[in-house]
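In UniProt numbering, the protein residues as written are 1 to 422. Step one of this worksheet: look at the structure below.
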Ligand SMILES: C[S@@+](CC[C@H](N)C(=O)[O-])C[C@H]1O[C@@H](n2cnc3c(N)ncnc32)[C@H](O)[C@@H]1O
C-alpha cells in the first residue's frame, strides 16, 4: 500500500491517510511517498511500518547509527538536524494551538543544540542476560548495543567496561545508570530486582573496569517502579561547571541532560530577570538550584522549592559554593507551599515541573499571589504546557513569548521556555 506522509506529530511518527483512516508511520518525513505494512488495525487508525521509501524527502539522510529503527532511543536520526529543529518547532506550535487554544502565539526563534551528537551526560542501560542496551520502541525487549551517538564518549567507554563488570555479579542488575559531569566525574547506580546487600567488587575494582572518573557507585532495588537506595560506596555526588556557576549534583538528583544547552537555558532565564527589579522570586521544582542560584544574582531574594531531599541537600551546598546567601531552599511539594508563597508575595515565579506539568493546587496558589507579574515556564512536555498556560491565560495572564529549545536532538522530546505576564 502506498501513502503520502502529511506531517510529523508529537511522539516522533509521521501521519498519512488510507481509506479515510489515519496511519501512524515511524521513521518517515513529510511529503515522502512510502509503501507501508499495517501492523495493527484500530477502529480509527492504523499502526504502520514503512517497508519502502518510494519518493524520498530532500531532508532525508543516512542515519549515523546502525541500531537506528531497532533501538528505541532515537526517532529522527534520518532527518538533517536543521530540518529536525524546524519540524519539532512546528509540532510545538501546533500543540500549543490545538490543546491550549491560544491563537496568535508569539513564537521566538528556536534554539538548536550547539552540538547534536554526544550531548547526553546521563544514561540508563537496560540489562538482561548478555544483552546491555536500550529498549526497542514500544517494547520491553532489549537491543544489545556497543555504542550510542547521543552519549558523551566517556559513557561509551563505560559501556565497554560494563560488559566486563557484569559477569562478576552473582545476580544481574536489571539496569545500570551512569552520570558523567562536565568536570568528568562519574557516579553509577546498579538497580536489582532483588534486595542485594553487597556486590562482589569494591570501588578500586570498579574503577579498573569503568574508568578513573568513577567517584562512587550505589546498589538499588526497585520499589513502586522507582530505584530505592540500599547502599552507596565512594562519593555519591559529582560537580558541574556551567559558565561561572558550579553545582554539586548527587547520583539521586536531577540535572539537565544536554551538556551543551544547559548554559543557554540559564542565560535565557538571566535575561528575563535582568529586565526589571525583582525583590522576591520563587523557583518551583528547583532541583539542585540550577536556576535559583543564577536568579539570585538579579533578584533580592529567591526561594527554591523541591521535593527530592538529595536535590535540596545539593542546593543548600550550592548556595554556599556560589556565595548565593540571598537564595533559600525548602524541601516541599510545590503544591504544599501555597500559604508560604502567597505570604512572600513574589513578583516572579519560575516553573520547571516534570512531564506531568503543574497541578491544580499549585496553579491556584499562583493566582492568589498579589504581586505576581511574570511567570517563566520551562517545560519538557508541550501537551501539559499547553493545558497549564491556557488556564493561566483564562485567569488574566498573557503569553509574551514562547520558544522551543532543543535539549534532546534526534528524539521527539520538546523542551521550551515560555514567558507569561500579567
Ligand atoms: C525537570 S526537573 C527540574 C529541576 C531544575 N529546575 C533543573 O533545571 O535542574 C523537575 C524537578 O522537580 C522535582 N519535583 C517533582 N515533583 C515535585 C513537586 N511536586 N514539588 C516540588 N518539586 C518536585 C523533581 O525532583 C526535579 O528535581
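In this text, a Cβ means the ideal position worked out from N, Cα and C, and glycines have one as well.
> When the Cβ atoms of the stretch 292 to 305 are set against those of the stretch 356 to 369, are three or more pairs found closer than 8 Å?
Replying inline: No, the stretch 292 to 305 is not in contact with the stretch 356 to 369.
> Are residue 79 and residue 60 closer than 8 Å when you measure CB to CB?
Replying inline: It is a contact, given that the beta carbons lie within the stated cut-off.
>> Short of 6 Å in beta carbon distance, which residues of its chain neighbour residue 301, apart from the five on each side in sequence? Order them along the chain.
In response: So the qualifying residues of the chain are 280, 326.
>> Do residue 332 and residue 434 count as a contact pair if the criterion is CB distance below 8 Å?
In response: Missing from the structure shown is residue 434; the chain here goes from 1 to 422 and no further.
>> My output table needs one value for residue 368: the three-state DSSP class, helix, strand or coil.
In response: Three-state DSSP puts residue 368 in a helix.
> CA-CA distance, residue 250 and residue 305?
Replying inline: Straight-line measurement puts the Cα of residue 305 at about 17 Å from the Cα of residue 250.
> Cα separation between residue 351 and residue 168?
Replying inline: One Cα belongs to residue 351, the other to residue 168, and the distance between them is close to 44 Å.
> Within the chosen definition, does the stretch 255 to 271 reach the stretch 116 to 123 through at least 3 CB pairs nearer than 8 Å?
Replying inline: Judged by pairs of C-beta atoms under 8 Å, the stretch 255 to 271 touches the stretch 116 to 123, as three or more such pairs exist.
> How is residue 140 classed by DSSP in three states: helix, strand or coil?
Replying inline: The answer is coil: DSSP assigns residue 140 none of H, G, I, E or B.
>> Under DSSP, the beta strand (DSSP E) around residue 314 begins and ends at which residues?
In response: Here residue 314 belongs to no beta strand (DSSP E); instead the alpha helix (DSSP H) covers 309 to 321.
> Sorry if obvious, but does the Cβ on residue 306 come closer than 7 Å to a heavy atom of ligand 1?
Replying inline: Result yes, Cβ under 7 Å from ligand 1.
>> Taking its Cβ as the centre, do 16 or more other Cβ atoms sit within 10 Å of residue 165, making it buried, or is it exposed?
In response: Residue 165 is buried by the Cβ-count criterion.
>> Can you tell me whether residue 298 is helix, strand or coil according to DSSP?
In response: Secondary structure of residue 298 (DSSP, three-state): coil.
> Taking Cβ positions, are residue 24 and residue 48 nearer each other than 8 Å?
Replying inline: Yes, the pair counts as a contact, with Cβ atoms nearer than the cut-off.
> Excluding the five sequence neighbours on either side, which residues of its own chain have a C-beta within less than 7 Å of the C-beta of residue 89, listed in chain order?
Replying inline: Contacts found: 110, 404.
> Taking the alpha carbon of residue 85 as the point to measure from, which residue in 417, 419, 421, 408 has its own alpha carbon closest?
Replying inline: Nearest C-alpha to residue 85: 408.
>> Our contact map puts residue 298 next to residue 278 with C-beta atoms below 8 Å; I'd like the distance itself, whole angstroms only.
In response: Between residue 278 and residue 298 the Cβ distance is about 7 Å, and since that is below 8 Å, they are a contact.
> If you run the structure through DSSP and keep just helix, strand and coil, what is residue 248?
Replying inline: In this structure, residue 248 counts as strand in the three-state DSSP scheme.
>> Which same chain residues end up closer than 7 Å to residue 390 when comparing Cβ atoms and leaving out the 5 residues on each side of it in sequence?
In response: Taking residue 390 as the centre and dropping the five residues before and after it, the same chain places the C-beta of 100, 101, 102 closer than 7 Å to its C-beta, in chain order.
> Is residue 35 closer than 8 Å to residue 52 when the C-beta atoms are compared?
Replying inline: Between residue 52 and residue 35, the gap from beta carbon to beta carbon is short of 8 Å.
> To which residues of the same chain is residue 269 closer than 7 Å at the C-beta, ignoring the five residues directly before and after it?
Replying inline: The residues 291, 294, 295, 350, 376, in chain order, have a CB closer than 7 Å to that of residue 269 in the same chain once the five nearest residues on each side in sequence are set aside.
> Taking DSSP as the reference, what is the three-state secondary structure of residue 84?
Replying inline: Residue state, collapsed to three classes: helix.
> Under the criterion of a Cβ to heavy atom distance below 7 Å, does residue 333 qualify as lining ligand 1?
Replying inline: Yes, the beta carbon of residue 333 sits closer than 7 Å to at least one heavy atom of ligand 1.
> Between residue 318 and residue 373, is the Cβ-Cβ spacing less than 8 Å?
Replying inline: Judged by their CB atoms, residue 318 and residue 373 are not nearer to each other than the 8 Å cut-off.
>> At a cut-off of 7 Å, would you count residue 314 as near ligand 1, judging by its Cβ distance to the nearest heavy atom?
In response: For ligand 1, not one heavy atom lies less than 7 Å from the Cβ of residue 314.
> Leaving out the 5 sequence neighbours to the left and right, which residues in its chain are closer than 6 Å to residue 231 when beta-carbon positions are compared?
Replying inline: Correct list, in chain order: 219.
>> Here's a check: name, in chain order, each residue in its chain whose Cβ is nearer than 6 Å to the Cβ of residue 410, leaving out the five neighbours to either side.
In response: Answer for residue 410: 74, 76, 77, listed in chain order.
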